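Visitor:
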């Protein structure tokens, strides 16, 4: 039984961590922080946790957090980098769901996020928490930077092709659609149901913060520059990401062979599931689960390959993947607490 | 480990049984039947079950079903009554999610359902599977008739008042709203997203089949005739039932006292949760879980009491409650397989 | 061609006024005010009005508004009462979509809204803008208080019964469901799509501001006290109100006779449409239109009558009804600008 | 006043034609056919048309249809080609919303649709009803083939670039998202709200029937072969298409210059509206209207251009565009009956 703390428990990734961890057999949640809701019962704000989570939100306190074995940051960008150094110094394992430690190039981070990174010296030691590609490093990490939701779906879809050099690194396109929970639990006009319901739009086409993160991951694998166009869209549903990925094959290879590449790469993976040739991926089939489902198509046999990759943005795209990382770091079964199947319909 | 069969596995209550039972520690699912999809992999139709359910739909076969310890019927009305006698004769426990054995008065059943009941002699021995009110009988039952979704929400809300005679049995009103999954997985115009989405309507106001079932339950408790107006509505969401119940208090009793009555009645119940005075019940807080959440109001201190009762129609209103009954019948922990928290947001 | 001003043009009732009035043959919109968005093009915030509305939001300025023939207030409660006196003094017709002038009893208004009403002396002269019941007074009014959305649906449903004394004035129940646009265009957690989507809940069951307004209208008609329980609900759709109304018949009267009462009352009305016996009302059939559709039921022939009344909360429940009032006040055809049919599907 | 007939009035494009044409000042709808609903009042099936459409569905009868000036086919593919010859022979103008006359190459049509085209000799004379590119031909046509919904959004977005040779004709990508009404009013599992709600998926990635139609239009403009990957997706909303189009610029041209190209091309068009640079297109802003809104982006200044093109699939993507064609054919104002603004929110 390890002691776990959650910093920033009032957002959607925070409540999702609570939902998952409350049923984890090796975890005791000892502290959940919230500045705005300090003193309030967790289950008052989240009645779905009644009868299970009997905690009160407390203001963030380093001393108390230092008594945890693992601390999750489910905070807006810019918070974890303030508090992580003290926790790491005390030997606490830190799993950050925000973007603070995702980019290896601090200058790029400062260009897309905040003017000054608070602890650039820690960035190098942070392990990017995509288990399917960094499992061993995660196992030995003290600080894990969990991938963003879009980067998870896009990388799991593209990486097997780049790993084997099967697609042209120029002209990659990631047309990605997200449910509104990706915008977080913030009072904003754009995600009101009257605005986002029954409508569909692209946003941040000029440049979204997840672009440099995706690019970093693809280039690390390709070992060369990658030219990617990434267009995120807001979809009138709550949970789910559907990435439609386009790349041009560099060699004459059949869809069946491509399928075998994915099967080989992910066949042993607990949470990445390659659908049969001809199938389509549907976000409802992973809703509430930690799975990524991938489908492969080669329309009209042309050399443009289409990869469909779906996840639940709050589970495999955030809190589920964070728990998966924790399981690896702590030597638990990798799917402990994560066996839930998708809620369909 | 008991052997379980599911008859009618291609509907929403069938797939929900599969989702729940696949994670049940004492259950092995040995057969899932479907006439229309016999020979097809279960996970082809339900990709959310991939990697977990490795079964093929088979045509219903009494011989094979007789080898089960428990057989669930997730079939349209009229099927269970054809097959149950043979299974019961072999000592199999039968849990029927359809309406075949819910009404004690066979004549009333034949008026609302089919002209002729196939085995009226079994009706008396069937136990109505509402654990909060018939736990002991369920424990000893061989045949359980699971309550309908509307009747579950309405009865859990009204019964504590009728048990103590606190409301007038005349003029009860149940204004109930259901998500579209309650209509089942059937190709019909009325539940197309283009028809049911972004719209709200009442239906079957002249008389819905769940009316006699609710009335039977209320009258059994009240020990006198009950005059109930029941109006079901179709709500543009997938899962969830919200019952708004109105009754007139027969005595001068405060809302606090009413709250205590519910606390006393349900305080020990694992799956019925009475919210604090002033709170409202929200279907999202029980989505995907086996909970019923109840809130109590007495607007403007008048003598009309308002009870809000929410469930997930496919879990506490169907498959979850059926598994709860199985747990009781088989001596398992009552919440085995049912600990999942609601998926929020 | 009359000159029209709109105060508070950035909310949903404001944009709806713009949509309707921009196609009105006798209206020129000369000013649209907004404190927060002053200086911004209207069509920048509302791209659906591009190519049609070529105006810039201006700060509210009494002098400019006084040059209008008609001024609409699509403002939060408490604004119109500040500005109306000056406009009325200049002979401008004022149509207020907020609640400032709806309640005749100022003390009740101050209890439910703000501590002090700014111009109680005007309340008596304000005409309640429900054309089906106050057409003549509206025609002669200088100040019209448009009914709230819930009150419109509930009163149109209940009033014919109270007019003839057909139902008991005790124990009336209005169980009403609204789409989320009723909450306005405000950045709030509760109406985020992640919160309000795929969920259903009652709210303000202890007492909603529309209760005294409804009660005032019912009592005016009944000429005696009315005991009403009003429970509003939030429905996961954008537009639409569905009122399910329950009353007990005071005499032995058939549903056919009740139907004739409604036909007689509304047969000549342009915007109230009584559906055939047996039909159900569906909010999608009035979406975007100024119609109220009403259906009548008498379940199982008992003496509880069920009236279903649906409107689009932003049209007949707000801006459409306001334009209908303007048409009457200005002697235009009552349906000028309001002929649009519901957008289905 | 012209006499208009509608063949196939019970689908979504049929009811949309009725909604639009019922308010058209130069049109009298004299006949609406339906095999399945013959004898039924139109407003019984479509209560949104009550008080406006007073017609009964009749079985299709060539003699009666021949008395019309214009006949619309809102039928499934394969019907118009059976009946059009007789109507054309009598001088009736025929506007076909199905795919029967869209493809100039009959062999390609027979490959994607039905084995044998019933009147291949008429195909050459059919005019493709995209007014922005074939206005003059439409004005002189007797038979118009209305574009499909996807082809409308994609072509309006891509054609200005191909017209001037600004993008590479290889590697064009059209990632397009449609609301569920595009699937029509058919009782099918896939478009049930429980299946299509709260979920997102691609479909027919291997090849959708609109591909050859789009390709034909793009190649006609480019005057050379075009290599296009077209991936349609099903979005959990009722109305709307959002096309995200990707092409590689063939020359060093700024986004501002591209914007000017679109402004020049569409500046005089009544129904195509180019948004300012930096803006995004949102389907809600064209919901219920005949507009196409287009936004242009060049992410990170790379040479991949991103065009966002949104329409309402049932209006500009079907019935609205068909009425636009009729207006042109009959010499009416092109926007007669089509002035409705988008219904927002």
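Residue numbers (the UniProt record's numbering), protein chains in the order written: chain U, 1 to 345; chain X, 1 to 345; chain B, 1 to 345; chain C, 1 to 345.
The beta carbon of each residue, even a glycine, is placed where N, CA and C say it ideally should be.
All values reported here derive from a predicted model rather than from experimental measurement.
Quick check for students: name the residue ranges of the alpha helix (DSSP H) that lie wholly in the stretch 18-74 of chain U, counting only runs of 4 or more.
Guide: Correct list: 42-45, 62-65.
Visitor: Can at least three beta-carbon pairs, one atom from the stretch 7-26 of chain C and one from the stretch 55-71 of chain C, be found at a separation below 8 Å?
Guide: Yes, the stretch 7-26 of chain C touches the stretch 55-71 of chain C.
Visitor: Between residue 260 of chain B and chain U, is the shortest Cβ-Cβ distance under 8 Å, so that the two count as touching?
Guide: Closer than 8 Å: no.
Visitor: Give me the chain B residues within the contact set of residue 197 of chain U, using Cβ-Cβ distance strictly less than 7 Å, ordered along the chain.
Guide: Result: 193, 197, 238.
Visitor: Taking the C-alpha atoms as reference points, what is the distance between residue 330 of chain X and residue 95 of chain X?
Guide: Rounded to the nearest angstrom, the two C-alpha atoms are 12 Å apart.
Visitor: Could you tell me the distance, in whole angstroms, from the CA atom of residue 204 of chain C to the CA atom of residue 272 of chain C?
Guide: Cα-Cα distance, rounded: 28 Å.
Visitor: Hey, residue 201 of chain X and residue 280 of chain B are a contact pair by Cβ (cut 8 Å); roughly how many whole angstroms apart?
Guide: Contact flag correct, Cβ pair sits at about 5 Å.
Visitor: From residue 139 of chain C to residue 93 of chain C, what distance separates their C-alpha atoms?
Guide: Residue 139 of chain C and residue 93 of chain C: Cα-Cα distance of roughly 11 Å.
Visitor: Would you identify the three-state DSSP class for residue 158 of chain B, choosing helix, strand or coil?
Guide: Helix, per DSSP.
Visitor: Residue 265 of chain X: which of X:323, X:197, X:156, X:324 sits nearest, CA to CA?
Guide: With distances taken between Cα atoms, residue 265 of chain X lies closest to X:156.
Visitor: For a test of the three-state rule: what should DSSP assign to residue 142 of chain C, helix, strand or coil?
Guide: If DSSP states are grouped into helix, strand and coil, residue 142 of chain C belongs with coil.
Visitor: At a cut of 8 Å, does the stretch 204-222 of chain U reach the stretch 144-164 of chain C through at least three beta carbon pairs?
Guide: No, the stretch 204-222 of chain U does not touch the stretch 144-164 of chain C.
Visitor: I need the DSSP call for residue 284 of chain B, collapsed to helix, strand or coil.
Guide: Residue 284 of chain B: helix per DSSP, three-state reduction.
Visitor: Would you identify the three-state DSSP class for residue 170 of chain X, choosing helix, strand or coil?
Guide: Reduced to three states, the DSSP call for residue 170 of chain X is coil.
Visitor: Report back the beta-carbon spacing between residue 55 of chain C and residue 29 of chain C to the nearest angstrom; my notes put them in contact at under 8 Å.
Guide: The Cβ separation is near 7 Å, so the contact holds.
Visitor: By DSSP, does residue 202 of chain X sit in helix, in strand, or in coil?
Guide: Residue 202 of chain X: strand per DSSP, three-state reduction.
Visitor: Counting C-beta neighbours from all protein chains within 10 Å, is the total for residue 225 of chain B 16 or more, i.e. buried, or is it exposed?
Guide: Exposed.
Visitor: Roughly how many angstroms separate the alpha carbons of residue 254 of chain C and residue 34 of chain B, rounded to a whole number?
Guide: Cα to Cα, residue 254 of chain C sits roughly 36 Å from residue 34 of chain B.
Visitor: Check this for me: beta carbons of residue 12 of chain C and residue 185 of chain C, under 8 Å apart or not?
Guide: For residue 12 of chain C and residue 185 of chain C, yes; Cβs fall inside 8 Å.
Visitor: Taking Cβ-Cβ distances shorter than 9 Å, what residues in chain C pair up with residue 189 of chain X?
Guide: Within chain C, the residues near residue 189 of chain X are 185, 186, 187.
Visitor: Rounded to the nearest angstrom, how far is the Cβ of residue 245 of chain C from that of residue 307 of chain C, given a contact under 8 Å?
Guide: Yes, they are in contact, since the Cβ atoms of residue 245 of chain C and residue 307 of chain C sit about 4 Å apart, within 8 Å.
Visitor: Just list the beta strand (DSSP E) runs in the stretch 87-141 of chain C, keeping only unbroken ones of 3 residues or longer that don't cross its boundaries, in chain order.
Guide: The stretch 87-141 of chain C contains these whole beta strand (DSSP E) runs: 93-96.
Visitor: Name, in chain order, the residues that DSSP records as bridge partners for residue 246 of chain U.
Guide: Residue 246 of chain U is bridged to U:173, U:306.
Visitor: List the endpoints of the continuous beta strand (DSSP E) containing residue 293 of chain C.
Guide: 292-297 is the span of the beta strand (DSSP E), which, as asked, contains residue 293 of chain C.
Visitor: Take residue 239 of chain U as the anchor and find which of U:180, U:18, U:43 has the nearest alpha-carbon.
Guide: The shortest Cα separation from residue 239 of chain U among U:180, U:18, U:43 belongs to U:180.
Visitor: Please list, in chain order, the chain B residues whose beta carbon lies closer than 8 Å to that of residue 302 of chain X.
Guide: Near residue 302 of chain X (Cβ distances below 8 Å), the residues of chain B are 227, 229.
Visitor: Given this structure, state the Cα-to-Cα distance separating residue 332 of chain C from residue 303 of chain B, to the nearest angstrom.
Guide: One C-alpha to the other measures close to 56 Å.
Visitor: Which of the three DSSP states is assigned to residue 151 of chain X in this structure?
Guide: In the structure shown, residue 151 of chain X sits in a helix (DSSP, three-state: H, G or I).
Visitor: Can the beta-carbon of residue 101 of chain X be found closer than 8 Å to that of residue 174 of chain X?
Guide: Taking 8 Å as the Cβ cut-off, residue 101 of chain X and residue 174 of chain X do not qualify as a contacting pair.
Visitor: With a cut-off of 8 Å, do at least 3 Cβ pairs link the stretch 108-121 of chain U to the stretch 158-175 of chain U?
Guide: In short, these stretches do not touch, since the Cβ pair count stays below three.
Visitor: Looking only at its own chain, which residues have a Cβ that is under 6 Å from the Cβ of residue 274 of chain C, when we skip the five neighbours before and after it?
Guide: Result list for residue 274 of chain C: 262, 263, 266, 294, in chain order.
Visitor: Pull the bridge partners of residue 337 of chain B from the DSSP assignment, please.
Guide: DSSP lists no partner for residue 337 of chain B.
Visitor: At a CB distance below 7 Å, what residues from the stretch 170-184 of chain X approach chain C? Give them in sequence order.
Guide: Answer set for the stretch 170-184 of chain X: 180, 181.
Visitor: Among B:300, B:287, B:171, B:325, which one has its Cα closest to the Cα of residue 310 of chain B?
Guide: Among B:300, B:287, B:171, B:325, the Cα nearest to that of residue 310 of chain B belongs to B:287.
Visitor: For a test of the three-state rule: what should DSSP assign to residue 85 of chain C, helix, strand or coil?
Guide: Three-state DSSP puts residue 85 of chain C in a helix.
Visitor: Enumerate in chain order the residues of its own chain whose CB-to-CB distance from residue 299 of chain B is below 7 Å, with the five nearest sequence positions on each side excluded.
Guide: Result list for residue 299 of chain B: 306, in chain order.
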